[in-house]
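In the UniProt record's numbering, the protein residues as written are 1 to 643.
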């Protein structure tokens with residue numbers, strides 16, 4: 001029995017002040033409390049860091065983002081787990097309260113539908129999806145923090161929804177069952193596979209029309225399971241007379257909108273996650289011992305190679321240079337005297353005025369004095385080099401980071417002291433990995449000729465920013481490892497990404513689309529045409545005899561709102577896009593060409609402007625960009641209303 005047919009009877013008796021109050025009878029621990037400006041800064045910093053770093057977030061990073069000391073965080077909030085609990089209580093107080101307010105309406109189905117729509121809207125926000133992915137990835141490493149986030153996030157929402165369901169059941173609007181299980185089931189039906197799809201970076205319902213359609217399916221399915229069943233009609237004592245029902249005329253085959261499958265050569269794309277790192281990074285260290293006198297550069301500023309960054313006290317090294325120069329002068333004087341004595345001995349030796357031994361001693365003294373001169377010259381050169389090291393310069397061009405040692409400290413004593421680091425931020429590296437299984441499949445398909453992989457320098461990457469937009473500068477693949485990481489079972493790859501405006505910063509995780517080559521004989525199918533069951537994905541095709549045939553297909557990602565089908569279709573197949581709910585395998589259907597924004601009869605879909613009519617003003621700035629997907633999803637939603 002369809003719920004919509006019996007819905008009107010229950011709607012009239014749904015409204016009750018007791019049900020309205022359930023939204024406000026929540027656990028006081030979750031109610032939002034007034035926060036001062038410092039609390040707001042700290043909570044905003046935690047939410048931002050969760051979306052960037054997940055559980056790897058440290059109290060040091062929170063303090064730096066919030067502009068306060070770490071001691072203030074520990075004294076005000078306790079440890080990291082307690083801070084996360086406070087932030088989630090605040091977040092749940094706003095997000096959960098906003099979603100539960102939708103349950104105060106007079107219409108049971110309408111209230112649940114609004115709740116489901118708000119739920120999907122909230123959890124499909126980019127920063128929420130990014131935070132969920134990072135938290136899930138770090139849950140094994142930080143189990144206590146993960147349990148805290150679940151308890152005060154999804155767990156709290158489930159408890160509030162179960163309390164509301166229990167009140168609704170007490171009014172007779174839903175069949176009595178375990179309210180907590182019913183709440184979990186409803187949330188699972190609404191969420192579907194969106195969380196898994198976001199975590200694995202596969203296409204999900206990121207369009208308002210698709211989310212509305214899914215919300216209707218999930219809410220109607222829940223109500224069909226738990227709405228009260230009508231009482232059966234009492235048996236009649238009157239004898240039944242045999243009568244023959246008039247034969248019903250056979251309805252005509254339903255009309256469906258189809259597209260002709262056309263093989264294409266399409267780019268081989270993958271949605272991946274990588275981490276940014278500097279193109280070059282150099283440590284600036286003290287190479288001579290001394291007292292640090294001054295920092296010359298501005299922290300966080302651009303510096304050029306050879307630019308002075310620090311000054312070390314040069315006085316001791318100047319004195320050492322003066323001593324070396326004095327030793328050189330003494331060595332040169334000694335050499336001059338030894339050379340005169342040797343020349344005299346060499347001139348007297350032929351007349352036998354000096355012995356052979358005296359001549360040898362004089363020449364040996366000359367050579368020794370010359371060696372002493374060279375040694376003294378080397379000592380002077382070394383002293384000059386050491387004196388030059390008191391002027392600490394940048395080894396590369398880039399951004400000079402925070403000073404690690406303050407003025408007045410003794411540096412370089414027994415070790416090369418780290419003073420700061422310089423990072424080259426234009427370009428940046430994007431480090432990522434692919435599993436061995438995926439690489440093996442790609443190379444096997446390349447051997448068959450179904451795709452062509454691009455080599456280093458040809459494969460490109462397009463980074464997606466936190467607001468969902470695409471970064472303007474594409475990168476190129478420049479390195480792929482020839483070994484497998486035994487810890488992860490993946491192969492490391494790296495791309496070079498231009499960063500002239502310094503928008504991207506090293507250390508951040510980024511989502512990006514990698515164009516690894518081209519796929520031959522591939523098909524693009526609108527998302528609403530692809531159906532799934534326990535055996536996998538499939539489409540319905542209108543055959544040459546006018547009957548509907550099921551074809552199992554394999555997909556390889558999505559492009560521009562369409563599924564990329566790599567196997568299962570043939571050129572010329574008429575794939576059903578609009579009206580797929582009207583047909584079953586083996587039944588006849590009338591195929592009509594389908595275009596985005598029209599139903600199977602060639603008429604504008606609900607909410608779409610008729611050809612030649614002025615379009616309605618968009619509800620927000622994003623509406624025009626997503627009009628195509630909304631038109632695709634609306635016919636299917638209209639069909640589901642007829643069930």
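Glycine residues also receive a C-beta, built at the ideal position from the N, C-alpha and C atoms.
Member of the options whose CA lies at the smallest distance from the CA of residue i
i	options	result
residue 332	519, 365 and 346	365
residue 117	211, 511, 423 and 51	211
residue 287	524, 392, 315 and 186	392
residue 401	56, 259 and 278	278
residue 191	217, 147 and 295	217
residue 489	442, 523 and 434	434
residue 533	516, 524 and 551	551
residue 523	492, 566, 491 and 312	566
residue 303	220, 316, 280 and 394	394
residue 659	498, 459, 466 and 160	No answer is possible for residue 659: the residues shown for the chain start at 1 and end at 643.
residue 330	66, 120 and 371	371
residue 512	496, 536 and 115	496
residue 416	289, 315, 436 and 484	289
residue 425	300, 544, 310 and 342	300
residue 504	427, 252 and 354	427
residue 274	314, 463 and 310	463
residue 280	560, 44, 305 and 260	305
residue 390	315, 355 and 251	315
Pairwise C-alpha distance: residue j and residue i
i	j	result
residue 111	residue 226	16 Å
residue 357	residue 363	10 Å
residue 576	residue 556	20 Å
residue 475	residue 267	16 Å
residue 386	residue 298	25 Å
residue 445	residue 519	9 Å
residue 540	residue 470	34 Å
residue 84	residue 46	8 Å
residue 79	residue 517	48 Å
residue 61	residue 431	23 Å
residue 569	residue 262	9 Å
residue 562	residue 208	16 Å
residue 222	residue 107	15 Å
residue 59	residue 508	17 Å
residue 203	residue 418	Its pLDDT being 49, under 50, residue 203 is placed unreliably in this model, and the value from its coordinates should be taken loosely. C-alpha separation (whole angstroms): 46 Å.
residue 580	residue 544	18 Å
residue 66	residue 147	25 Å
residue 143	residue 502	36 Å
residue 22	residue 483	Note that residue 22 scores a pLDDT of 40, beneath 50, so its modelled location is shaky; the value from the coordinates is reported in the next line. Whole-angstrom Cα-Cα distance: 59 Å.
Residue i burial status per 10 Å Cβ neighbour count (16 or more: buried)
i	result
residue 715	Given that the chain is displayed from residue 1 to residue 643, the structure contains no residue 715 and the question cannot be resolved.
residue 69	exposed
residue 213	buried
residue 412	buried
residue 163	buried
residue 33	Note that residue 33 scores a pLDDT of 45, beneath 50, so its modelled location is shaky; the value from the coordinates is reported in the next line. The residue is exposed, with fewer than 16 neighbouring Cβ atoms inside 10 Å.
residue 122	exposed
residue 485	exposed
residue 542	buried
residue 115	buried
residue 441	exposed
residue 573	buried
Residue i and residue j closer than 8 Å at C-beta
i	j	result
residue 270	residue 514	yes
residue 422	residue 398	yes
residue 420	residue 284	yes
residue 429	residue 384	no
residue 578	residue 546	no
residue 373	residue 321	no
residue 276	residue 506	yes
residue 73	residue 63	yes
residue 591	residue 256	yes
residue 408	residue 291	yes
residue 42	residue 593	no
residue 165	residue 154	no
Residue i, enclosing beta strand (DSSP E) - first and last residue
i	result
residue 523	509 to 526
residue 546	Careful: residue 546 lies outside any beta strand (DSSP E) and carries neither H nor E.
residue 361	First-last for residue 361: 356 to 388, but that is the alpha helix (DSSP H), not the beta strand (DSSP E).
residue 574	574 to 578
residue 259	255 to 260
residue 533	531 to 533
Residue interval of the alpha helix (DSSP H) (run including residue i)
i	result
residue 222	208 to 226
residue 155	154 to 170
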